[in-house]
Amino acid sequence: MGRDQGMADSHDPAVSEILDNILKDHKTSFTFIDAGCGNGWVVRKVRSIPYCSMAIGVDGARSMIDNAKNVDPDGEYYLDDLLSWTPDQKADIVHSMEVFYYFKDPQYLTDHIVNNWLKFNGKLVIGLDHYIGNPDSYSWSKDLNVHMSLLSEQDWLDIFLKSGLSNCKSWKANASKDFPGTLVVSGDLLD
Numbered sequence: 586m587g588r589d590q591g592m593a594d595s596h597d598p599a600v601s602e603i604l605d606n607i608l609k610d611h612k613t614s615f616t617f618i619d620a621g622c623g624n625g626w627v628v629r630k631v632r633s634i635p636y637c638s639m640a641i642g643v644d645g646a647r648s649m650i651d652n653a654k655n656v657d658p659d660g661e662y663y664l665d666d667l668l669s670w671t672p673d674q675k676a677d678i679v680h681s682m683e684v685f686y687y688f689k690d691p692q693y694l695t696d697h698i699v700n701n702w703l704k705f706n707g708k709l710v711i712g713l714d715h716y717i718g719n720p721d722s723y724s725w726s727k728d729l730n731v732h733m734s735l736l737s738e739q740d741w742l743d744i745f746l747k748s749g750l751s752n753c754k755s756w757k758a759n760a761s762k763d764f765p766g767t768l769v770v771s772g773d774l775l776d
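In this note's numbering, the protein residues as written are 586 to 776.
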C-alpha cells in the first residue's frame, strides 16, 4: 500500500464525520473542491453523493495528481500551487484535510481560497491533526524536516474570521481515549 492510500485510510473516519456534519442538511445540488486532494479519494467519495454536481481536486504534487488520474480517469484534477490556482467555477464547499498547516502563512492561503474559490453562502472546512492540543503532533515538523505551522484552535478560528468568514466554529472529529481528535474548523462566506 502506498503512503497516499495509507493516509486516505487513516483519515477516512474523520473526513466521513466532517462530510456528514456539513452535508446533513444539504438536500440541493452542491459543488465541491478538495484543496490538497492527494490521490483524489475525497473527490471520489463526494462525487458519489447524489446531490453533488461537481467535485474537483487540486494538489501541488505531481505524483498525487498522477495517482488520482490513474484511479479516476474521468475525474477533474489539477496540478497547481494552492496559493495561485483559481477554479473556473467557484464552489459551494471547499474542503481540505491535513494541508493548511504546511503553509508558512495559512492566513494568505485562507484569504486566497475565500476570495477566489468560494461562492457566496459557501462553506470552507478544514481538518488538522497538527495543532496545539495534540501533543503527539508537536515533533512532526522536526521529524519530517518540513515546515508546519503549529497553531491553536483559537488561532485557526481567528484566521477564518480575519478572512471574512462567518458562523466560524470548531470541533474534534474521530476523537478517542488515545487521540484528541482531528481539529475541524469551518466558516461560511455570507453575501
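Where a beta carbon is used, it is the ideal one built from N, C-alpha and C, also for glycine. Since the model is a prediction, treat every value here as computed from it, not as a measurement.
**Request:** Check whether the Cβ atoms of residue 653 and residue 624 lie closer than 8 Å to each other.
**Result:** yes
**Message:** Between which two residues does the alpha helix (DSSP H) holding residue 653 run?
**Reply:** 647-656
**Prompt:** Looking at C-alpha atoms only, which residue of 709, 730, 742 is the closest neighbour of residue 603?
**Reply:** 709
**Completely contained alpha helix (DSSP H) runs for the stretch 674-724, where each covers 4 or more residues** = 691-701
**Message:** Can you check which of these residues, 729, 705, 669, is closest to residue 715 by C-alpha distance?
**Reply:** 729
**Message:** Can you look up residue 619 in the DSSP assignment and give me helix, strand or coil?
**Reply:** strand
**Message:** Which residue marks the beginning of the beta strand (DSSP E) containing residue 768, and which one marks its end?
**Reply:** 767-774
**Request:** Determine the contact status of residue 687 and residue 732, defining contact as a CB-CB distance below 8 Å.
**Result:** yes
**Request:** Thinking residue 617 and residue 639 are a contact (beta carbons under 8 Å), I'd like their distance in whole angstroms, please.
**Result:** 7 Å
**Item:** Own chain partners of residue 711 with C-beta closer than 6 Å, once the 5 adjacent residues on each side are dropped
**Value:** 681, 685, 770
**Prompt:** Who are the Cβ neighbours of residue 760 in its own chain at under 6 Å, not counting the five residues just before and after it?
**Reply:** 766
**Asked** From which residue to which residue does the alpha helix (DSSP H) around residue 644 run?
**Response** Unbroken run through residue 644 is the beta strand (DSSP E), 637-644; no alpha helix (DSSP H).
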